[in-house]
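Visitor: Residues 0 to 77 in numbering that gives the first Met the number 0 are what the sequence shown spells out, letter by letter. By construction, the Cβ of each residue, glycine as well, lies at the ideal position given by its N, Cα and C atoms. Encoded as C-alpha cells, here's the structure I'll be asking about.
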Amino acid sequence: MMHFSITLMTLISLLAPILATLINPNKSTLYPYYVKLAIIYALITSTLSMMFFILTGQESMISNWHWMTIQTIKLSLS
0 MMHFSITLMT LISLLAPILA TLINPNKSTL YPYYVKLAII YALITSTLSM MFFILTGQES
60 MISNWHWMTI QTIKLSLS
C-alpha cells in the first residue's frame, strides 16, 4: 500500500502544473519555475518508490500470463 501512495504523490505532483494552466490560462512569469519544481518533486518521490521496490526485492519478480491456446499452440506473455 505504501508503494501506491508514493506513486500517487508522483502523479499528482506532475499533474499540478497541467491543472494550473486549465484553471488559469494566463500564464504567469513564474510558470516555468513551477514546472521545474514539480518535475523535481516527481523525481524525488519516484526515486523513493524505486528504492522501496529494490530494497524489498520486488524488481526481481517474474510474472507469466497465459494469454490463449489455439489447438496445440500455447501463447503466453512474460
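Applying the 10 Å Cβ sphere with the 16-neighbour rule, what's the burial state of methionine 48?
Guide: Here residue 48 refers to the residue found at position 49 of the sequence shown. Before going further, note that residue 48 is serine rather than methionine in the sequence given. So serine 48 counts as buried.
Visitor: Are alanine 37 and alanine 15 closer than 7 angstroms when you measure CB to CB?
Guide: For the purposes of this step, residue 37 is identified with residue 38 of the sequence shown, where counting begins at 1. For the purposes of this step, residue 15 is identified with residue 16 of the sequence shown, where counting begins at 1. In contact: alanine 37 and alanine 15 (Cβ atoms closer than 7 angstroms).
Visitor: Return the first residue and the last residue of the alpha helix (DSSP H) that threonine 55 is part of.
Guide: Position 56 of the sequence shown, counting from 1, holds the residue named residue 55. Note, threonine 55: alpha helix (DSSP H), 30 to 55.
Visitor: For the putative contact between threonine 44 and isoleucine 17, defined by C-beta atoms under 8 angstroms, what is the C-beta separation to the nearest angstrom?
Guide: Counting from 1 along the sequence shown, the entry for residue 44 is found at position 45. Counting from 1 along the sequence shown, the entry for residue 17 is found at position 18. In fact, because the Cβ distance is near 17 angstroms, the residues do not count as touching under 8 angstroms.
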